[in-house]
Amino acid sequence: MSARETIVRVDATYDLKVGVGDAVHRGDRVSDAPAQQVFAPVSGVVKSIQFDPQNHEFVIAILPTA
Amino acid sequence: MNRTFRAVLIAITAVVVAIVLVNLVPAAESPSTSTRANVDDLSFYQTSGTAAPYPLTSDKEIKNVILCIGDGMGASQIALASTKVGGKLHLGRMPVTGLVQTRSANSRVTDSAAAATALATGVKTKNGMIGVAPNGQAYRSILELAKAAGMATGLVATSTITHATPASFGAHVKSRSSENAIAEQLLANRVNVLLGGGRKFFLPRSSRNSARKDNRDLIAEAGQAGYTYVASEQELRSTSSPRVLGLFHLEALATVPPEPSLGTLASEAIRLLRQASQATSTGNSGFFLMVEGSQIDSACHNNDARRAIRQTLLFDQAVQAVIDFALQDGHTLVIVTADHETGGLSLSDAGERNPETRVRWSTRGHTGSPVPIGALGPGAATFAGDQDNTDIARKIAQLLNIRPFPQPSE
Numbered sequence: 365m366s367a368r369e370t371i372v373r374v375d376a377t378y379d380l381k382v383g384v385g386d387a388v389h390r391g392d393r394v395s396d397a398p399a400q401q402v403f404a405p406v407s408g409v410v411k412s413i414q415f416d417p418q419n420h421e422f423v424i425a426i427l428p429t430a
Numbered sequence: 092m093n094r095t096f097r098a099v100l101i102a103i104t105a106v107v108v109a110i111v112l113v114n115l116v117p118a119a120e121s122p123s124t125s126t127r128a129n130v131d132d133l134s135f136y137q138t139s140g141t142a143a144p145y146p147l148t149s150d151k152e153i154k155n156v157i158l159c160i161g162d163g164m165g166a167s168q169i170a171l172a173s174t175k176v177g178g179k180l181h182l183g184r185m186p187v188t189g190l191v192q193t194r195s196a197n198s199r200v201t202d203s204a205a206a207a208t209a210l211a212t213g214v215k216t217k218n219g220m221i222g223v224a225p226n227g228q229a230y231r232s233i234l235e236l237a238k239a240a241g242m243a244t245g246l247v248a249t250s251t252i253t254h255a256t257p258a259s260f261g262a263h264v265k266s267r268s269s270e271n272a273i274a275e276q277l278l279a280n281r282v283n284v285l286l287g288g289g290r291k292f293f294l295p296r297s298s299r300n301s302a303r304k305d306n307r308d309l310i311a312e313a314g315q316a317g318y319t320y321v322a323s324e325q326e327l328r329s330t331s332s333p334r335v336l337g338l339f340h341l342e343a344l345a346t347v348p349p350e351p352s353l354g355t356l357a358s359e360a361i362r363l364l365r366q367a368s369q370a371t372s373t374g375n376s377g378f379f380l381m382v383e384g385s386q387i388d389s390a391c392h393n394n395d396a397r398r399a400i401r402q403t404l405l406f407d408q409a410v411q412a413v414i415d416f417a418l419q420d421g422h423t424l425v426i427v428t429a430d431h432e433t434g435g436l437s438l439s440d441a442g443e444r445n446p447e448t449r450v451r452w453s454t455r456g457h458t459g460s461p462v463p464i465g466a467l468g469p470g471a472a473t474f475a476g477d478q479d480n481t482d483i484a485r486k487i488a489q490l491l492n493i494r495p496f497p498q499p500s501e
């Protein structure tokens, strides 16, 4: 993870609304989670999505656009 | 010996000592060990050699119940693994089969916490909650009630033993992330056999590898409460203690040697529980055991077909060990099911041998698809047909004459 990346963690029960390489705008919804409104905190490009099994979360790394 | 030669000798000795020390550190200590597993090496797995269903067995009295849960294991995960090995899995040969609806109290798509709470307590709850109803009321699990009825009890998982599925059978918390509290409750509940990963939740904060927020040393506390602590297969096989805490990794299990396999964990749990139940005042009070193949879910969250196959086969190996015991014993009800499906996996071109070319994933999350259930042994016929996940615990309770059920905690 680079220092510039912004990390968003979301419950992995639900599907994601973004994939690696997708451009996102600040405020875009990144997960289908019904009880957890999860929005992109920055505009940028989704650089990676990792599954964290211990916390049962997706870890979404967004590289902000300059 | 001149000074230069001595310096070289000391340097070489230091390097050799360093190499030896590095190799002495157990592989299981590294959280990343699982990434080094050769997912294509399936040599550990022995196929059934037949597609015939296992015998239904008799109408003998039920003494033992073993509930096997494949986390995230839908029908397609079973079919995929079966195609890979060229024959039916052991869990595909259950003589009684059915379907299980999995929705939670607040979502068509359940998580493991709500699903396992349904399977353990017979009560629907919201995603993320462990052993409690949506209003926070705790409900006693089938494991706790079996224990109250005098049966020995056990939990086996390849996740941390404090993870959502095993936790739901021996703990009551509003959030699945409260693994510190779950570790305390599992021990306070005096579950006879606890085998899995997650040592970090049992170590005091002062320990380098701890994930606890306090300085409680739960391994030491378990020892004072009569548990024998084991951390290797050899130690596990050597003990005959009626209470065993086996933590084979700081995190989830790596599911590679030198760790004991899930099949070995299941077999050893059965051995220990039989001994524990025979040591009771009534002579043979029976036991309740839950065995989880925890990491099928992880593989499917990563849409990784090869890992999904491997984890399903590791789970099936445990199911085989359970079935072997049940057929020999005759008094054991075996139920094999899943908490939910993960990945929305579908298969095409069934004749192909390369699974990568014929799998389709529709999501990286869970789905609301029903999951299969299979049963064997006395009482098995009760689990035929389409049922809700809360029905599983209710049926087990009925078969064991546990009433009332569901049962709120006082």
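Heads up: the protein sequence lines correspond to chains A and B, in order.
Quick note, my numbering runs 364 ahead of the 1-based positions in the first sequence.
Quick note, my numbering runs 91 ahead of the 1-based positions in the second sequence.
Beta carbons are placed, not taken as given, at the ideal position from N, Cα and C, and that holds for glycine.
Residue contact check for residue 456(B) against chain A: a CB pair falls below 8 Å.
Residues of chain B whose Cβ lies closer than 7 Å to the Cβ of residue 401(A) do not exist, since the nearest Cβ in that chain is about 15 Å away. In the displayed model, residue 169(B) falls within a helix according to three-state DSSP. Under the criterion of beta carbons closer than 8 Å, residue 409(A) and residue 424(A) do not qualify as touching, at roughly 11 Å. Interface residue (Cβ-Cβ distance to chain A less than 8 Å): residue 251(B) is classified as such.
Of all residues in the region 337 to 352 of chain B, those with a C-beta nearer than 9 Å to a C-beta of chain A are 342 and 343, reading in chain order. Inside the region 346 to 393 of chain B, DSSP marks whole alpha helix (DSSP H) runs of 4 or more residues at positions 353 to 369 and 387 to 392, from first to last along the chain.
Interface criterion not met: the Cβ of residue 392(A) is under 8 Å from no Cβ in chain B. Under the Cβ distance rule, residue 425(A) does not count among the residues neighbouring chain B, no pair being separated by less than 8 Å. Cα atoms of residue 304(B) and residue 268(B): separation of roughly 13 Å, rounded to the nearest angstrom. Only those residues of the region 216 to 231 of chain B whose C-beta falls short of 7 Å from the nearest C-beta of chain A are listed: 218. One thing to note: residue 283(B) has its Cβ no nearer than 8 Å to the Cβ of residue 229(B).
The continuous alpha helix (DSSP H) containing residue 238(B) extends over residues 233 to 239. By the criterion of at least three beta-carbon pairs nearer than 8 Å, the region 174 to 183 of chain B is in contact with the region 402 to 418 of chain B.
Taken atom to atom, the span from the alpha-carbon of residue 397(B) to that of residue 390(B) is near 8 Å. Residue 156(B) sits in a strand when the DSSP states are folded into three classes. Less than 8 Å separates the beta-carbon of residue 273(B) from that of residue 221(B). Taking a beta-carbon distance threshold of 8 Å, residue 377(A) counts as an interface residue toward chain B. Of the residues 147(B), 225(B), 204(B) and 141(B), the one whose Cα lies closest to the Cα of residue 176(B) is 141(B).
In its chain, beyond the 5 residues on either side, 219, 220 and 221 have a beta carbon closer than 8 Å to the beta carbon of residue 266(B). The C-beta distance from residue 357(B) to residue 382(B) rounds to 5 Å, short enough to meet the 8 Å contact threshold. Under DSSP, residue 499(B) forms a beta bridge with 230(B). Relative to residue 292(B), the option among 403(B), 281(B) and 275(B) whose CA is nearest is 275(B). By the 16-neighbour rule on beta-carbons within 10 angstroms, residue 149(B) is exposed. Each residue's CA atom was taken as its position, placing residue 468(B) and residue 311(B) some 39 Å apart. Within the same chain, Cβ atoms closer than 8 Å to the Cβ of residue 322(B) are found at 290, 337, 338 and 339, the five residues on either side in sequence being excluded. Its chain contains 429, 432, 436, 460 and 462 as the residues whose beta carbon lies nearer than 7 Å to that of residue 165(B), once the 5 sequence neighbours on both sides are disregarded; these appear in chain order. Of 131(B), 254(B), 191(B) and 361(B), the smallest CA-CA separation from residue 344(B) is found for 254(B). Assigned with DSSP and collapsed to three states, residue 293(B) falls in coil, not helix or strand. Listed in chain order, the positions of the region 374 to 393 of chain B with a beta carbon within less than 9 Å of a beta carbon of chain A are 385, 386, 388, 389, 392 and 393.
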